[in-house]
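As structure tokens, the structure follows; a few thoughts come after it.
Number of protein chains: 2
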Amino acid sequence: MTASKNKIGEYPFVAEPFHVDFTGRLTLGVLGNHLLNCAGFHAAERGFGISSLNEENYTWVLSRLAIELTDMPRQYEPFSIWTWVENVYRLFTDRNFALLNQAGEKIGYARSVWAMISLSTRKPADLMAMHEGGITDYITDEPCPIEKPSRIKVTSGEPVATLSAKYSDIDINGHVNSIRYIEHILDLFPIERFRTGGIRRFEIAYVAESYYGDRLSFYMDQSSEDTFEVEVRKSASEVVCRSKLVFASRNS
Amino acid sequence: MTASKNKIGEYPFVAEPFHVDFTGRLTLGVLGNHLLNCAGFHAAERGFGISSLNEENYTWVLSRLAIELTDMPRQYEPFSIWTWVENVYRLFTDRNFALLNQAGEKIGYARSVWAMISLSTRKPADLMAMHEGGITDYITDEPCPIEKPSRIKVTSGEPVATLSAKYSDIDINGHVNSIRYIEHILDLFPIERFRTGGIRRFEIAYVAESYYGDRLSFYMDQSSEDTFEVEVRKSASEVVCRSKLVFASRNS
Chain A
5 MTASKNKIGE
15 YPFVAEPFHV
25 DFTGRLTLGV
35 LGNHLLNCAG
45 FHAAERGFGI
55 SSLNEENYTW
65 VLSRLAIELT
75 DMPRQYEPFS
85 IWTWVENVYR
95 LFTDRNFALL
105 NQAGEKIGYA
115 RSVWAMISLS
125 TRKPADLMAM
135 HEGGITDYIT
145 DEPCPIEKPS
155 RIKVTSGEPV
165 ATLSAKYSDI
175 DINGHVNSIR
185 YIEHILDLFP
195 IERFRTGGIR
205 RFEIAYVAES
215 YYGDRLSFYM
225 DQSSEDTFEV
235 EVRKSASEVV
245 CRSKLVFASR
255 NS
Chain B
5 MTASKNKIGE
15 YPFVAEPFHV
25 DFTGRLTLGV
35 LGNHLLNCAG
45 FHAAERGFGI
55 SSLNEENYTW
65 VLSRLAIELT
75 DMPRQYEPFS
85 IWTWVENVYR
95 LFTDRNFALL
105 NQAGEKIGYA
115 RSVWAMISLS
125 TRKPADLMAM
135 HEGGITDYIT
145 DEPCPIEKPS
155 RIKVTSGEPV
165 ATLSAKYSDI
175 DINGHVNSIR
185 YIEHILDLFP
195 IERFRTGGIR
205 RFEIAYVAES
215 YYGDRLSFYM
225 DQSSEDTFEV
235 EVRKSASEVV
245 CRSKLVFASR
255 NS
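From first to last, the protein sequence lines are chains A and B.
My numbering applies: residue 5 is where the first sequence begins, and numbers increase by one.
My numbering applies: residue 5 is where the second sequence begins, and numbers increase by one.
So this is what it looks like as structure tokens:
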């Protein structure tokens with residue numbers, strides 16, 4: 005119990021006024037930002053953070069993220085995020101999350117897949133070789149009862165929107181940041197879609213980086229009344245990321 | 005000293021990875037968000053917060069904000085924000101801020117002007133009549149060595165950009181949120197403008213609300229090599245806000 009406790013990182017937050025949407029619920033972009041920060045805190049506290057890795061010239065790269073929610077924290081609500089490592093493979097690690105409301109009830113889960121790359125060669129590192137495989141010490145079997153990220157396919161050939169990557173989109177690495185893609189994808193939908201319960205499941209797979217000035221095109225399929233697949237391409241050809249969204253049913 | 009100490013609210017932060025720009029400095033939008041949160045904390049702790057006001061059917065409305073910076077916190081840097089009340093008039097109050105870096109040095113200041121309005125009538129409230137003028141107990145003469153917000157005038161008749169307000173722009177009141185205007189205004193500039201030192205002074209005056217779907221047009225004057233004035237209008241006519249930006253000189 006104590007050992008497993010130490011394997012799970014627990015981080016408190018409050019839903020700030022500018023971090024909630026028009027319904028008063030925390031936005032998915034802000035939740036994504038918190039999840040990635042928690043991953044960073046948890047890794048750093050255990051010697052696998054960006055800052056210790058950077059000294060060794062390695063960094064973490066987020067490959068996939070899947071979030072499933074039954075509710076979201078409301079404006080001013082204190083909430084917390086738990087995170088832990090589920091699996092470590094040679095080139096990837098699975099990190100999971102739980103989202104807990106003010107009452108301590110689990111109102112969401114997330115699954116993420118990360119690779120470690122060398123900053124000099126941009127090639128993936130062997131996770132089993134880092135710190136003599138020490139990262140595996142943190143694996144724990146805390147339940148995460150949501151589906152793994154799926155393989156997303158988009159067939160539409162006509163973009164529903166295009167934009168140029170601007171100053172506010174770009175992170176310290178010179179890339180469009182992972183959270184901005186989430187915001188731009190949500191902004192493809194009419195606001196009415198978010199009125200009754202918002203997003204039930206959101207997935208994103210990061211395929212390639214995009215940069216300042218890149219022309220991003222958004223292609224969308226609708227596979228059921230509440231399910232959409234989105235592909236973001238740059239220069240109308242190279243895939244940057246793919247996303248799948250399931251909205252709460254409008255009847256529920 | 006103790007009395008003045010209690011009048012100043014001090015709040016700690018860390019510059020998160022997704023809150024810094026491509027130069028690794030905290031973005032102005034995130035700083036603005038923190039300033040407004042600090043205003044909220046400070047007011048709430050003294051009985052003048054949104055939640056206590058809302059019970060009485062009043063809320064704070066930000067009218068003007070001016071920020072002046074010599075530097076910005078860097079990624080992962082702990083920093084803090086101080087805030088205090090400088091003046092209270094019948095219909096407005098002046099709230100000031102200081103930004104302190106990790107070493108405790110003041111690297112920026114801000115001035116803001118707020119009104120209180122009734123949620124039922126949307127009319128301004130008499131601040132001197134609230135809580136029997138109790139808000140004046142918190143006035144302190146902590147120095148804030150920057151100019152007050154100026155009167156901004158824009159003459160250009162051709163918009164440099166237009167956009168439609170989207171889901172992510174809208175806050176719990178159904179308005180485009182105050183911070184999003186800052187981000188959209190910064191995004192009018194080529195990224196190169198931010199490479200050498202960024203913004204030295206930023207002002208914004210909020211004139212009218214805009215809403216989901218509103219078509220926002222951005223008009224810009226350049227009054228010196230490093231100074232720009234921006235006016236945001238909706239439906240190409242009604243003024244929503246005006247802003248003035250002074251960038252660090254490219255030679256410095």
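We put the beta carbon where it would ideally sit given N, CA and C, even for glycine.
- Distance from the CA atom of VAL180 (chain B) to the CA atom of THR125 (chain A), rounded to whole angstroms, is 43 Å.
- Rounded to whole angstroms, LYS110 (chain B) and LEU103 (chain B) show a C-alpha spacing of 6 Å.
- Taking 8 Å as the threshold, the shortest C-beta distance from ASN37 (chain A) to chain B falls below it.
- Using a Cβ-Cβ cut-off of 7 Å, ILE174 (chain A) is close to ASP25, PHE26, ILE195 of chain B, given in chain order.
- For ILE111 (chain B), the secondary structure class from DSSP, reduced to helix, strand or coil, is strand.
- In terms of CA proximity to TYR215 (chain B), A:ASP25 leads the group A:LYS170, A:PHE17, A:LEU123, A:ASP25.
- Put simply, the CB of ASP191 (chain B) is near chain A, with a gap under 8 Å to one of its CB atoms.
- DSSP, reduced to helix, strand and coil, places GLU81 (chain B) outside both helices and strands of the structure shown, so it counts as coil.
- The C-alpha of ILE208 (chain A) is placed about 6 Å away from the C-alpha of ALA70 (chain A).
- Residues are counted here when their Cβ sits less than 8 Å from a Cβ of chain B; for the region 71-82 of chain A these are GLN79, TYR80, given in chain order.
- Its Cα nearest to that of LEU32 (chain A), the residue A:ILE183 stands out among A:GLU49, A:ILE183, A:LEU131.
- Taking a C-beta distance under 8 Å as the contact criterion, LEU73 (chain B) and GLY13 (chain B) do not qualify as a contact pair.
- Classified as exposed, GLN226 (chain A) has fewer than 16 neighbouring CB atoms from the shown chains inside 10 Å of its CB.
- For TYR185 (chain B), the closest of B:TYR210, B:GLY201, B:PRO163 by C-alpha to C-alpha distance is B:TYR210.
- Partner residues in the beta bridge of ALA209 (chain B), as assigned by DSSP, are B:ARG68, B:ARG246.
- Around the Cβ of VAL92 (chain B), a 10 Å sphere holds 16 or more other Cβ atoms; the residue is buried.
- Listed in chain order, the beta strand (DSSP E) runs fully inside the region 173-238 of chain B are 203-210, 219-228, 231-238, counting runs of at least 3 residues.
- Selection B:GLY137, B:GLU242, B:LYS152, B:GLY202 evaluated against ASP218 (chain B) yields B:GLU242 as nearest (Cα-Cα).
- Rounded to the nearest whole angstrom, the CA to CA distance from GLY138 (chain B) to THR231 (chain A) is 53 Å.
- Residues of chain A whose Cβ lies closer than 7 Å to the Cβ of LYS170 (chain B) are, in chain order, ASP191.
- Closer than 8 Å to the CB of PRO21 (chain A) there is at least one CB belonging to chain B.
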